[in-house]
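Residue numbers (this note's numbering), protein chains in the order written: chain G, 3 to 203; chain U, 3 to 203.
There are 2 protein chains.
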Amino acid sequence: MNDTAKNQRHQQRMARKKALIDASIARADQEKGLLLVLTGNGKGKSSSAFGMVGRSLGHGMKVGVCQFLKSRTDTGEEAFFGKQSDCEWHVLGDGFTWETQNREQDIATSQRGWAVAQRMLTDPAYQLVVLDELTYLLNYGYLDADQVLDELAERPPMQHVVVTGRAASEALRELADTVAEIADVKHAYRDGVMAQRGIDL
Amino acid sequence: MNDTAKNQRHQQRMARKKALIDASIARADQEKGLLLVLTGNGKGKSSSAFGMVGRSLGHGMKVGVCQFLKSRTDTGEEAFFGKQSDCEWHVLGDGFTWETQNREQDIATSQRGWAVAQRMLTDPAYQLVVLDELTYLLNYGYLDADQVLDELAERPPMQHVVVTGRAASEALRELADTVAEIADVKHAYRDGVMAQRGIDL
């Protein structure tokens with residue numbers, strides 16, 4: 003096939019593709035607050051939530067972030083997003099649950115953290131709420147999963163919520179509008195590369 | 003099992019987990035510039051890259067972003083990250099390839115865009131470079147994939163690069179340090195919800 007034929011074929015194929023995509027955009031006409039669940043073992047669940055924080059701030063939206071497991075406060079995400087005037091940032095963890103090794107303490111910490119989230123989930127002024135690593139608190143039974151799901155369902159209708167963490171439950175997936183499952187195809191960590199600033203923290 | 007027994011068992015299980023994790027952290031002692039590939043059809047490839055932009059800026063790193071397909075400049079990501087002093091933001095596309103329907107124009111646009119990336123990939127001052135939606139340019143043959151992969155391999159050794167886009171090739175995955183494949187389990191778009199500010203743009 004010569005270049006002219008190649009270019010013509012490309013034009014025709016893309017015109018068909020455009021017609022399909024335009025039709026699907028025309029069908030998608032609703033606006034609503036979305037519940038997004040980012041799960042799986044791969045790289046990019048929290049990063050993706052933080053990217054949406056940036057996007058939202060770019061549109062002048064008010065954002066609240068709850069980090070449920072992390073206790074360190076020297077991360078790049080907090081240093082950067084935490085200082086933005088429209089972004090409220092809370093580091094609510096005691097460290098990973100294998101650091102504390104104390105289930106009662108983890109439950110108390112989780113419940114204190116959830117109270118912060120509850121305040122955001124009942125206030126329509128927060129247009130995006132990130133509940134980072136929430137799945138662990140649900141899966142370990144540190145929070146009452148039914149109650150948490152009810153509170154998510156009853157949030158202000160235009161509020162977006164992003165939940166991150168491995169092993170999101172079936173019930174959480176069902177409630178969500180968008181679910182992305184991030185597979186860990188390959189990770190530098192397994193080749194002996196430590197967590198890198200800017201990438202992992 | 004009563005609560006005391008439950009708590010003890012938890013403590014023992016978590017102590018074992020901590021020992022395993024500590025050992026694996028001790029093994030991961032290298033620092034290097036990572037090549038991350040975020041691919042798959044699910045939500046969160048570009049968002050995740052932008053989250054790493056935020057993290058990097060939080061550590062005072064210099065960041066360069068090339069958006070290869072997008073032509074719109076009203077996105078939240080550009081409004082927010084583009085104004086940060088350590089972040090250089092380039093919207094290099096003519097729109098999606100089904101918008102232009104012109105293969106020769108797409109090739110010319112891609113090559114002009116790649117020249118911007120080349121400047122970053124040869125300058126160690128850029129500590130993170132995001133090549134957003136690069137895979138499409140490679141998969142459509144708008145850029146020479148072998149040459150692009152060579153240039154990625156030869157970049158400054160401490161420079162992190164994040165490549166996003168569907169259908170990353172086997173060769174690109176092989177070159178990468180970290181590969182995350184984001185599966186589209188569920189997407190609000192299919193329920194008729196339009197792209198939402200803060201979440202999708």
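Ideal Cβ placement from N, Cα and C applies to all residues, glycine included.
| Asked | Found |
| --- | --- |
| Under the three-state DSSP convention, the category U:Lys85 falls into | coil |
| Span of the alpha helix (DSSP H) around G:Val55 | 47 to 60 |
| C-alpha distance - G:Glu80 paired with G:Asp134, whole-angstrom precision | 12 Å |
| Cβ neighbours of G:Ala110 in the same chain (closer than 7 Å, five flanking residues each side left out) | none |
| Proximal residues to G:Ser58 (C-beta, below 7 Å), its chain only, five neighbours per side dropped | Val65, Gln129, Leu130 |
| For G:Phe70 and G:Leu139, believed in contact at Cβ under 8 Å, the rounded distance | 6 Å |
| Opposing strand residues paired with G:Thr180 [DSSP bridges] | G:Leu38 |
| Exposed unless 16 or more other CB atoms sit within 10 angstroms - verdict on U:Gly204 | Residue coverage of chain U in this structure runs from 3 to 203, which leaves residue 204 of chain U outside it and unanswerable. |
| One or two residues paired with G:Phe134 in a DSSP bridge | Checking the displayed sequence, the identity of residue 134 of chain G turns out to be Asp instead of Phe. The partner list for G:Asp134 (beta bridge, DSSP) reads G:Gln69. |
| Rounded Cβ spacing between G:Glu183 and U:Gly44 (contact assumed at less than 8 Å) | 7 Å |
| Secondary structure of G:Lys2, DSSP reduced to three states | Outside the displayed range of chain G (3 to 203) lies residue 2 of chain G, so it cannot be described from this structure. |
| Check whether G:Leu40 and G:Lys47 have beta carbons under 7 Å apart | yes |
| Short-range partners of chain G found in the region 60 to 71 of chain U, where Cβ spacing is below 7 Å | Gly60, His61, Met63 |
| Beta carbon proximity, U:Val165 to chain G, threshold 7 Å | no |
| Bridge-paired residues (DSSP) for U:Glu90 | U:Gly66 |
| Span of the beta strand (DSSP E) around U:Val165 | 162 to 166 |
| CB-CB length for U:Val118 against U:Cys89, believed under 8 Å | Not confirmed; about 14 Å, so no contact. |
| Coarse secondary structure for U:Gln32, derived from DSSP in three states | strand |
| For G:Ala178, the nearest candidate out of G:Asp152, G:Leu22, G:Gly56 (CA to CA) | G:Asp152 |
| Interface flag, G:Ala182 vs chain U, CB-CB below 7 Å | yes |
| Counted within 10 angstroms of its Cβ, other Cβ atoms place G:Asp122 as buried (16 or more) or exposed | For clarity, residue 122 of chain G is Met in the given sequence; the question names Asp instead. G:Met122 is buried by the Cβ-count criterion. |
| Burial state of G:Gly62 (16 or more Cβ within 10 Å) | exposed |
| Host alpha helix (DSSP H) of U:Ala147 (start-end) | 147 to 155 |
| Minimum Cβ-Cβ distance from G:Trp100 to chain U less than 7 Å | yes |
| Nearest-angstrom Cα separation, counted from G:Ile201 out to U:Val164 | 9 Å |
| Straight-line gap, U:Met3 to U:Gln13 (C-alpha atoms, nearest Å) | 15 Å |
| CB contact below 7 Å: U:Asp88 versus chain G | no |
| Chain G residues whose Cβ lies nearer than 7 Å to that of U:Met54 | Ser49, Gly200, Ile201 |
| Contact belief for G:Lys20 with U:Glu101 at Cβ below 8 Å, rounded distance in angstroms | 7 Å |
| Any chain G beta carbon closer than 7 Å to U:Gly97 | no |
| When U:Leu36, U:Met16, U:Gln103 are compared against G:Arg18, the one with the closest alpha-carbon | U:Gln103 |
| 7 Å Cβ cutoff, U:Tyr191 in contact with chain G | yes |
| Cross-chain neighbours of U:His162 in chain G, by beta carbon under 8 Å | Gln198, Gly200, Ile201 |
| Distance between G:Tyr191 and U:Arg15 (C-alpha atoms, nearest Å) | 23 Å |
| Identity of the residue in G:Phe52, G:Val55, G:Arg157 nearest G:Leu37 by Cα | G:Arg157 |
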